[in-house]
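Residue numbering for the sequence shown follows my numbering, beginning at 481 and increasing consecutively.
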Amino acid sequence: MANQLPSALKKAEELKKEFSDKKALLFLDFDGTLAPIVENHEDAAISEEMRDLVQQLSKVYPTAVVSGRGMKDVNQRVNLPELYYAGSHGFEISGPNNFLKENDEAQKVLPIFDKIEPILKEKLKDINGVDFERKKFTLAIHYRKVDENRTSEVHTRVSEVLKDYPQLLKADGKKVIEVRPAIDWHKGKAVEFLKEHLGEKNQKFSVYIGDDVTDEDAFKYVDNGIGILVSEHGNKTYADYSLENIDEVKEFFQLLLKK
481 MANQLPSALK KAEELKKEFS DKKALLFLDF DGTLAPIVEN HEDAAISEEM RDLVQQLSKV
541 YPTAVVSGRG MKDVNQRVNL PELYYAGSHG FEISGPNNFL KENDEAQKVL PIFDKIEPIL
601 KEKLKDINGV DFERKKFTLA IHYRKVDENR TSEVHTRVSE VLKDYPQLLK ADGKKVIEVR
661 PAIDWHKGKA VEFLKEHLGE KNQKFSVYIG DDVTDEDAFK YVDNGIGILV SEHGNKTYAD
721 YSLENIDEVK EFFQLLLKK
């Protein structure tokens, strides 16, 4: 839990020194970390202040944004072309100089998403507040607007449909179900891949900041680094430090940049 972790703000000075000494690579989640969680996922937006801080940080630490959102979506919302972006939980990655990497195994599963999306929509059509977000390699089923006493029903119905599609798996996030390819690839594997492209030779020390259950995969993969959990998600965490909210994320960034 986040409230059981030491505050990254209180340790900012020593963390800043460690980041500098070890030439840290910086990995940032988007929703709940750089942009506030909103009722309608289409409305999520990063503030100009936060964008400016990230841009300044990227001049000090090689930086990537790692998100469950589609790659083009998160790229457009952050709008800093000098960064790397891992979208759809890392199944698609882009970067400067037209860099593009898509998971080859996931490509083979794309036709199944086309088949299953209308089936899931039909199964859930009588539950008010369900919102579908199709990305290239994943399908997000948002239920933030669903009546609390029907959320378990959403999970049950999705699980029932997926029983017939072993090529896909169900992953849970904050008020969202992510249907993904059943492939051993996730935000943590994307972080491992990006280390080779962001850093200099043998530059492995990484810092990952995120708020969701899906970020736990990445926290596990920064064993030679630091994980910082924003707010909390109610599950056990592999993070090392915490920040209470986006305001504290901003303050932490400001302290990292302070001369």
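Ideal Cβ placement from N, Cα and C applies to all residues, glycine included. Since the structure is predicted, the reported quantities are computational estimates derived from the model, not experimental observations.
**OP:** Report all residues from its chain with a CB closer than 6 Å to the CB of Lys496; omit the five preceding and five following residues, and keep chain order.
**Re:** On the sequence shown, position 16 is the one that residue 496 refers to. Closer than 6 Å at Cβ, skipping near neighbours: Leu736.
Original post:
For His521 versus Ala651, is the C-beta distance shorter than 9 Å?
Top reply: Counting from one through the sequence shown, the residue named residue 521 turns up at place 41. Counting from one through the sequence shown, the residue named residue 651 turns up at place 171. For His521 and Ala651, no; Cβs fall outside 9 Å.
Subject >> Extent of the continuous beta strand (DSSP E) to which Ala544 belongs >> reply: Along the sequence shown, read from residue 1 onward, the residue named residue 544 stands at position 64. Boundaries of the beta strand (DSSP E) harbouring Ala544: 543-546, taken from the DSSP string.
Subject >> Cross-strand partners of Phe507 (DSSP beta bridge) >> reply: The sequence position of residue 507 within the sequence shown is 27, counting from 1. Its beta-bridge partners are Ala544, Tyr688.
Original post:
Short check: CB of Leu506 to CB of Ser686, under 9 Å?
Top reply: The residue you call residue 506 lines up with position 26 of the sequence shown. The residue you call residue 686 lines up with position 206 of the sequence shown. Against a cut-off of 9 Å, the Cβ pair of Ser686 and Leu506 comes out as a contact.
Original post:
Which whole-angstrom value is the C-beta distance of Pro727 and His713, which I expect to be below 8 Å?
Top reply: As a working mapping, residue 727 is identified with position 247 in the sequence shown. As a working mapping, residue 713 is identified with position 233 in the sequence shown. Residue 727 is actually Asp in this sequence, not Pro. Contact flag wrong, Cβ pair sits at about 18 Å.
**OP:** Find out if the Cβ-Cβ distance for the pair Arg557, Ile526 is shorter than 9 Å.
**Re:** The residue you call residue 557 lines up with position 77 of the sequence shown. The residue you call residue 526 lines up with position 46 of the sequence shown. Cβ atoms of Arg557 and Ile526: closer than 9 Å.
Subject >> Cα-Cα separation, Leu709 to Gly653 >> reply: On the sequence shown, position 229 is the one that residue 709 refers to. On the sequence shown, position 173 is the one that residue 653 refers to. Taking the straight line from one Cα to the other gives about 14 Å.
**OP:** Name, in chain order, the residues that DSSP records as bridge partners for Leu709.
**Re:** As a position in the sequence shown, residue 709 is number 229, starting the count at 1. Looking at the DSSP assignment, Leu709 forms a beta bridge with Gly690, Ser722.
Original post:
Among the residues of its own chain, which have a CB less than 6 Å from the CB of Leu533, if the five just before and after it don't count?
Top reply: Translated into the one-based positions of the sequence shown, residue 533 becomes position 53. For Leu533, where only same-chain residues beyond five positions count, the Cβ hits under 6 Å are Phe733.
**OP:** Use the C-beta contact count for Glu572: other C-beta atoms within 10 angstroms, 16 or more gives buried, fewer gives exposed.
**Re:** Position 92 of the sequence shown holds residue 572. Burial is judged here by how many other beta carbons sit within 10 angstroms of a residue's own beta carbon; Glu572 has at least 16 and is buried.
**OP:** Report the residue ranges of all beta strand (DSSP E) runs contained in full by the segment 614-645; include only those spanning at least 3 residues, in chain order.
**Re:** List check, beta strand (DSSP E) in window: 619-622.
Subject >> Unbroken stretches of the alpha helix (DSSP H), 4 residues or longer, contained in the segment 526-591 >> reply: Counting only runs of 4 or more, we get 528-538, 551-558, 584-587.
Subject >> Inter-residue spacing [alpha-carbon to alpha-carbon] between Glu498 and Phe617 >> reply: Position 18 of the sequence shown, counted from the first residue, corresponds to residue 498. Position 137 of the sequence shown, counted from the first residue, corresponds to residue 617. In a straight line, the C-alpha of Glu498 is about 36 Å away from that of Phe617.
Original post:
In or out: Leu580 buried (at least 16 other Cβ within 10 Å) or exposed?
Top reply: On the sequence shown, position 100 is the one that residue 580 refers to. By the Cβ neighbour-count rule, Leu580 is exposed, with fewer than 16 other Cβ atoms within 10 Å of its own.
**OP:** Along the alpha helix (DSSP H) that carries Ala698, what are the first and last residues, could you check?
**Re:** If you number the sequence shown from 1, residue 698 lands on position 218. Its alpha helix (DSSP H) spans residues 696-700.
Subject >> Where the alpha helix (DSSP H) through Val671 begins and ends >> reply: Within the sequence shown, numbered from 1, the residue matching residue 671 stands at position 191. Unbroken alpha helix (DSSP H) run through Val671: 667-678.
Original post:
Which of the three DSSP states, helix, strand or coil, is assigned to Ile596?
Top reply: Walking along the sequence shown from the start, residue 596 turns up at place 116. When secondary structure is reduced to three states using DSSP, Ile596 falls in the helix class.
**OP:** Whole angstroms is fine: what's the gap from Leu678's alpha carbon to Ile663's?
**Re:** Numbered from its first residue, the sequence shown carries residue 678 at position 198. Numbered from its first residue, the sequence shown carries residue 663 at position 183. Taken atom to atom, the span from the alpha-carbon of Leu678 to that of Ile663 is near 24 Å.
Original post:
What residues match up with Gly653 in a beta bridge as DSSP calls it?
Top reply: For the purposes of this step, residue 653 is identified with residue 173 of the sequence shown, where counting begins at 1. Its beta-bridge partners are Val656.
Original post:
Going along the chain, which residues of its own chain have a beta-carbon closer than 6 Å to the beta-carbon of Ile706, five neighbours each way excluded?
Top reply: Here residue 706 refers to the residue found at position 226 of the sequence shown. Correct list, in chain order: Val687, Asp720.
**OP:** Enumerate in chain order the residues of its own chain whose CB-to-CB distance from Tyr718 is below 7 Å, with the five nearest sequence positions on each side excluded.
**Re:** To locate residue 718, count along the sequence shown from 1; it is residue 238. Apart from sequence neighbours up to five positions away, the residues of its chain that approach Tyr718 with a beta-carbon distance below 7 Å are Glu696, Phe699, Lys700, Gly707, ordered along the chain.
Original post:
Roughly how many angstroms lie between the CA atoms of Ile657 and Tyr645, to the nearest whole one?
Top reply: Numbered from its first residue, the sequence shown carries residue 657 at position 177. Numbered from its first residue, the sequence shown carries residue 645 at position 165. For Ile657 and Tyr645, the distance between alpha carbons rounds to 16 Å.
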